[in-house]
Amino acid sequence: DTVNRGDTLFYYRFEAPEQQLSALLQAKDPVDWLIRDKLNTKKQIALKKVERNRTEKEIAFKDRELAHQRDLIVLGVDEIESRLTYIQEDLIRLRSKQEALAKEIFFLRQHLKELENQEEVLQNIEVKKAEEINTILPYVANINGIIGQINLSDNEVCYKQQDVLAIHQLNSLSIKAFFDPFDVPKIERGDEVWVEFPDGMKSKGLIKNFYVSTYAVPPEFQKKYEPTERNIVAEVIPLNEFEVDKWQRFYKMSVEVSKNRYDFIWLNNRL
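Residue 363 in this note's numbering is what sits at position 174 of the sequence shown, and the numbering runs on without skipping anything.
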């Protein structure tokens, strides 16, 4: 059958075992990994906040202690200024710690926001995948051509990497003809040849090109228990558009090619 670009070729759906579908819906990986990371980040933020609050209370206590110590020195009750220096050093250390904790909490919150965004994206992807399971979808042809071999039957299950069918493009329809190297002097580019199809119908073709290098003849033309036969290959194309219509019905089938000059040269070939 001939198909055109945009034609619906068949309908299909993705299927999965129940345990696979369940795992997909639960989105255990990588969404679960993000959830665990997110919970751990929230826990770290909470602990940092507790530590920050405790540090702030220590700073407030040291501020009061510093003010009290200064009052004692002014009143002449306590003249040991080294204690004042010790309190001031403690305040410097605590305020540095407070600043570091504030930065850590800021970066943890940024990380948490990124995790939440990633989780949302992944969940949307996983939900879409789950929706595709058992959803009937059309497969549309993206090229023009003719349907070749169909490898599957209706309602047959297959893997993604399997070929359901083949579409052959006919805009470069040609025959690969094999002939004996001794016949090279009798064949030229542009020569007309006869093509005989399996049903006996004959058609005219044109030798577009041939290659001096030899190639192994297809297995079906090889003689058993003999060395691999190697022949010259010629590319034969339809003589005109009328001949193309004849050739299309025999796409991928074996045909015979002959050229009538001094004698007939029979060539093993394949369309």
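In this text, a Cβ means the ideal position worked out from N, Cα and C, and glycines have one as well.
Is it buried or exposed for Glu278, if we count other Cβ within 10 angstroms and need 16 for buried?
exposed
Ile332 and Ile294 closer than 8 Å at C-beta:
no
Tell me which residues share the same chain as Leu223 and place their Cβ nearer than 8 Å to its Cβ, disregarding the 5 neighbours each side in the sequence.
Leu304, Gln307, Glu308, Leu311
If we call anything under 8 Å between Cβ atoms a contact, is Phe368 one with Ile421?
A contact, by the Cβ cut-off of 8 Å.
How far does the alpha helix (DSSP H) with Val220 in it extend, from its first residue to its last?
Annotation for Val220: the continuous alpha helix (DSSP H) segment containing it runs 220–264.
Less than 8 Å between C-beta atoms, sequence neighbours within five positions excluded: which residues of the same chain meet that for Leu255?
Leu273, Ile276, Gln277, Leu280
Please state whether DSSP places Ala330 in a helix, a strand or coil.
coil
Coil, strand or helix - Pro407 by DSSP:
Pro407 falls in the coil class under three-state DSSP.
According to the Cβ coordinates, are Val220 and Glu288 closer than 8 Å?
Taking 8 Å as the Cβ cut-off, Val220 and Glu288 do not qualify as a contacting pair.
Please classify Gln258 as buried or exposed, where buried requires at least 16 other C-beta atoms within 10 Å of its C-beta.
buried
Which residues in the same chain have their Cβ closer than 7 Å to the Cβ of Glu385, if we skip the five residues on either side of it in sequence?
Lys391, Val444, Glu445
Which residues bound the beta strand (DSSP E) around Val384?
381–385
Give the DSSP bridge partners of Ala423, in chain order.
Ala366, Phe399
By alpha-carbon positions, which one of Asp388, Asn429, Phe199 ends up nearest to Leu395?
Asn429
Taking the alpha helix (DSSP H) that Phe431 belongs to, which residues open and close that run?
430–437
Coarse secondary structure for Tyr201, derived from DSSP in three states
strand
According to DSSP, is Ser285 helix, strand or coil?
helix
What does Ile339 pair with, by DSSP beta-bridge criteria?
The partner list for Ile339 (beta bridge, DSSP) reads Leu354.
Output the distance between the C-alpha atoms of Thr244 and Lys349, rounded to the nearest integer angstrom.
When rounded, the distance between both Cα atoms is 60 Å.
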